[in-house]
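Below you'll find the structure, written out as structure tokens, and then a few comments.
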Amino acid sequence: MKQYTSVHDVTDLDALVKEALQLKENPSQHKSLGQNKTLGLIFLNPSLRTRLSTQKAALNLGMNVMVMNLDKEGWALETEDGAIMNGTTVEHIKEAAAVMGQYCDIIGIRSFPKLQNRDEDYSEYLLHKFISYAKVPIVSLESATRHPLQSLADLLTIKENTPAGKRPKVVLSWAPHVKAIPQCVANSFAEWMQQADVELVITHPEGYDLAEEFTKGATVTTNQDEALQNADYVYVKNWSSYTQYGKVLTDGAGWMMTNEKLALTNNAKVMHCLPVRRNVELSDEILDGPDSLVLEQANNRTFAAQAVLKRMLENL
Amino acid sequence: MKQYTSVHDVTDLDALVKEALQLKENPSQHKSLGQNKTLGLIFLNPSLRTRLSTQKAALNLGMNVMVMNLDKEGWALETEDGAIMNGTTVEHIKEAAAVMGQYCDIIGIRSFPKLQNRDEDYSEYLLHKFISYAKVPIVSLESATRHPLQSLADLLTIKENTPAGKRPKVVLSWAPHVKAIPQCVANSFAEWMQQADVELVITHPEGYDLAEEFTKGATVTTNQDEALQNADYVYVKNWSSYTQYGKVLTDGAGWMMTNEKLALTNNAKVMHCLPVRRNVELSDEILDGPDSLVLEQANNRTFAAQAVLKRMLENL
Amino acid sequence: MKQYTSVHDVTDLDALVKEALQLKENPSQHKSLGQNKTLGLIFLNPSLRTRLSTQKAALNLGMNVMVMNLDKEGWALETEDGAIMNGTTVEHIKEAAAVMGQYCDIIGIRSFPKLQNRDEDYSEYLLHKFISYAKVPIVSLESATRHPLQSLADLLTIKENTPAGKRPKVVLSWAPHVKAIPQCVANSFAEWMQQADVELVITHPEGYDLAEEFTKGATVTTNQDEALQNADYVYVKNWSSYTQYGKVLTDGAGWMMTNEKLALTNNAKVMHCLPVRRNVELSDEILDGPDSLVLEQANNRTFAAQAVLKRMLENL
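Going line by line, the protein sequences match chains A, B and C.
Residue numbers for the first sequence follow this note's numbering, beginning at 45 and rising by one.
Residue numbers for the second sequence follow this note's numbering, beginning at 45 and rising by one.
Residue numbers for the third sequence follow this note's numbering, beginning at 45 and rising by one.
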């Protein structure tokens, strides 16, 4: 694996899932694989789960890890070609990525969208430039449009909780939030579910349609109650508008997931990528109850990252 | 050992002290004990000695270490049960602690008091919630009311400097400072000294009484000169008022420790947890002279942490 | 090697260069040398290359590494002797350095000049105090007046690109910038080149003379075109005025290095320490063309650091 930025970088999804679950049984079994290999983790934004689980995954594989908060411990990067750098950006991504690629065997990078210019964000220019200049395998730790390590962990969690042979109904249900949130997790989850053996339904208020590249093939409805009927999994997540890009169009009254709404489902398990705004996106009763999978998802982040890093290490 | 938050978590204090001093002689002797085990160090506040000495202790035991400045690299935690999280807190401690507990075998956490609401601070709600949700052994790296790794290092230092069989007189002497400082180090030192074979005297200006749970059994006086008579150790430390909670009641003129005051003692050794405000809490002449133990205390931080981590590792 | 703060700390420069280039061929060959040894990297300023390459060097040698951003994760240090610390500095360098020296076998420290008081900066008081209190070998990660790990990497790069037996002409050419930059890299490069088998010419606008201790023996001219004649290497770098200390005296129009200027040289290779302001200091055409050595320089940072750390480890 040369890069891991979306489900499209995975050639055999079933095999990757199987490998991740097998690593979970004995995380230290490939400790010699990462010997003398270095993972660089570059953060341009805050992170808790991704920061710790990806480190843990690398340590399980015997790698060295160097973490850098580029925004705080370094400086602002220029990404525009031909820029006359007489402003606030201190280093061009051409040099920064190339240099980090010389020090690291694999690099993970997190860079959120600015939510100001849709074409710019959706071009994934920063991620693509980083890949092209760093010249080593790159793992997305969440980019402008996707969060593929989260999505793999989500799929692992669904696999573990679904009886063999069953094709579950999975509902991605928009939830309220207090600020404008990227579409990444929702885009990515939709994209991954389309590749998995599930029935995907997406529900959200008017104006919150995701980009078609992620949702085509899925059922999309603004009727949450209808969507929840017979659901086996409900994935709760806020995102800001894609069509009115980056805008918050509604306070989302009535869209918070509650046990009352879950009564419509087939005893659905509830998922969220975390961090979650309690009693805004999801009620306490669900998060503290037996149907929440949120901690299992977070735990699976380690093994998702480990499976990806293992494939990259095998390919170095 | 399942948690290390105060002296009350230590079942056999003499044995722990002995073990720490034995580790100091050969710090790498148990390098295989921590193999494939991960220590997470979570800081909600700045740290120098605790940050480095606890890392060092874990590395001496062969552990992996992941350090996270939760306040800067992550986000603000909600601690109130039932909160509607539509404000500035991004993640509830329920999820954050549980997730970190999945990635780490042992967690150290530092969280200072806010010094605004005494009942809240003294309930140690954050530490207790963290322990209850993380489900792995927790080491306090200084909490709202105590600093037990410091206190163990202090006790090690006293042991090393006291002739066998002698019961030293130890004086905890309040010192001036330029801002409101928590009572943690003073509370903790008092609590530990009560469990050790020493005579404890506490001296401070009017209005600076510590909470009785930490001081009962000790002699407390506002007469510093009287307190210093025949002292073998003088532990210098500022703290803000417990009774008028978090307030600075005096500029403390005359309370700075100097060689002149030390003349009243039995050639006392001088202690401080560091960082120290030179010529405010303690005079240069003492810190640069032969009676200061402050660097020995700092050095013993490594072995205090190592003894605690070793016990936790043996118990995993 | 007890300290590495300038070329004057190197007893046999040729041997050090040879060793670094030999380490580059097989970076993990001395993995057991650093076993149970700890490198502390202390940053008082941002860093990318130095942060990552020095970590990488230490990991290649099997060392443990603890990184601390003292300014952000800790607090402000007092450096004045006898200070009454009732202001914003929280800990004196006497204690901070001594304590860190107890936890680390070798310490690297980065501390930029303030560019306000020349005598203060050029006294290197912080670095010297740190060395004297820490009591362990100290590596400068860039100090007030020099950047010796960069200079060693620069020399390695020149060695690798120069045919045996040739004495190249090396031109250090001042470049424009948008803010006041220390003289460190320029000072240090000049100092190192004087010890190497090269002809050094320095060119800069009026008012930008470097301190004589670094440049004596070199040809200095304000005529850039003349300087570039027959150059084999052009090292491009901005610095603020030494004589009108820390001031920016000109916008430097016409001083940016371009292919047109390079036409005057002997097919010179172009060097810069990075980060570089594209199209301000150096044109895109050079950085993206075949004559740029900037990435080779950055790559050699690892092996420069590794050679220095290896010598210190052998001496512990």
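Note that beta-carbon positions come from the ideal geometry of N, C-alpha and C, so glycine has one too.
| Check | Outcome |
| --- | --- |
| Residue-level contact to chain B via CB, C/GLY209, 7 Å cutoff | no |
| A/PRO212 versus A/VAL242, A/SER336 and A/ASN113, residue with shortest Cα-Cα distance | A/VAL242 |
| Close Cβ partners of C/GLY106 (< 7 Å) along its chain, the five nearest in sequence each way excluded | LYS75, SER76, LEU77, GLY78 and GLN79 |
| Same chain, Cβ closer than 8 Å to A/LYS203, neighbours up to 5 away in sequence not counted | VAL61 and LEU65 |
| Exposed unless 16 or more other CB atoms sit within 10 angstroms - verdict on A/ALA197 | buried |
| A/THR132 to B/GLU69 span [Cα, whole Å] | 52 Å |
| Reduced DSSP secondary structure (H/G/I, E/B, other) of B/LYS137 | For clarity, residue 137 of chain B is Ile in the given sequence; the question names Lys instead. DSSP places B/ILE137 in helix when its eight states are reduced to three. |
| Distance CB(A/LEU113)-CB(A/PHE156) smaller than 7 Å | Per the sequence shown, residue 113 of chain A should be read as Asn rather than Leu. Contact: no. |
| Beta-bridge pairing of C/LEU83 - partner residues as DSSP gives them | C/VAL109 and C/ILE150 |
| Proximal residues of chain B, C-beta to C-beta of A/PRO385 below 9 Å | This structure gives no information on residue 385 of chain A, because the portion of chain A shown stretches from 45 to 360. |
| Residue range of the alpha helix (DSSP H) that includes C/THR247 | Premise fails: C/THR247 lies in the beta strand (DSSP E), 243 to 247, not in any alpha helix (DSSP H). |
| For C/ARG93 and C/ARG321, believed in contact at Cβ under 8 Å, the rounded distance | In fact, because the Cβ distance is near 16 Å, the residues do not count as touching under 8 Å. |
| CA nearest to the CA of A/TYR277, picked from A/PRO220, A/GLU122 and A/LEU199 | A/LEU199 |
| Pair within 7 Å by beta-carbon distance, B/GLU122 and A/PRO319 | no |
| Same chain, Cβ closer than 8 Å to A/ASN310, neighbours up to 5 away in sequence not counted | LYS213, ASN274, ALA275 and ASP276 |
| Bounding residues of the beta strand (DSSP E) (the contiguous stretch that carries C/LYS281) | 277 to 281 |
| Option in B/ASP115, B/ASP269 and B/VAL314 with minimal Cα separation from B/GLY298 | B/ASP269 |
| Endpoints, the alpha helix (DSSP H) within which C/LYS179 is located | Note, C/LYS179: premise wrong, no alpha helix (DSSP H); not H, not E. |
| Beta-carbon proximity of B/GLU168 to B/ALA188, cut-off 7 Å | yes |
| Span of the alpha helix (DSSP H), counted from its first residue to its last, around C/SER72 | Careful: C/SER72 lies outside any alpha helix (DSSP H) and carries neither H nor E. |
| A/LYS100 and B/TYR147 closer than 7 Å at C-beta | yes |
| The stretch 248 to 256 of chain B / the stretch 177 to 185 of chain B touching (three or more Cβ pairs under 8 Å) | no |
| C/GLY209, buried or exposed, once every other Cβ within 10 Å from all chains shown has been counted against 16 | exposed |
| Short-range partners of chain B found in the stretch 327 to 344 of chain A, where Cβ spacing is below 8 Å | ASP328, LEU331, ASP332, VAL338, LEU339, ALA342 and ASN343 |
| Collapsed DSSP secondary structure at C/TRP236 in the structure displayed | helix |
| Beta-carbon proximity list for A/SER72, same chain, < 7 Å, skipping 5 on both sides | ASN104 |
| Limits of the unbroken alpha helix (DSSP H) element including C/MET356 | 338 to 358 |
| A/ASP295 classed as buried or exposed, judged by whether at least 16 other C-beta atoms fall within 10 angstroms | exposed |
| Chain C within 7 Å of B/ARG154, Cβ atoms only | no |
| Near-chain C residues of the stretch 57 to 73 of chain B (beta-carbon distance less than 9 Å), N- to C-terminal order | PRO71 and SER72 |
| As assigned by DSSP and simplified to three states, the class of C/SER184 | strand |
| Reduced DSSP secondary structure (H/G/I, E/B, other) of A/SER217 | strand |
| Option nearest A/ILE330 by Cα separation, candidates A/TYR279, A/ARG95, A/MET237 and A/THR263 | A/TYR279 |
| Residue-level contact to chain C via CB, B/LYS100, 7 Å cutoff | yes |
| Per-residue contacts from A/ALA127 into chain C (C-beta, under 8 Å) | ARG322 and ASN323 |
| C/GLU374 at chain B interface by Cβ criterion, 7 Å | Chain C is shown only over 45 to 360; residue 374 of chain C falls outside these bounds and no answer can be derived. |
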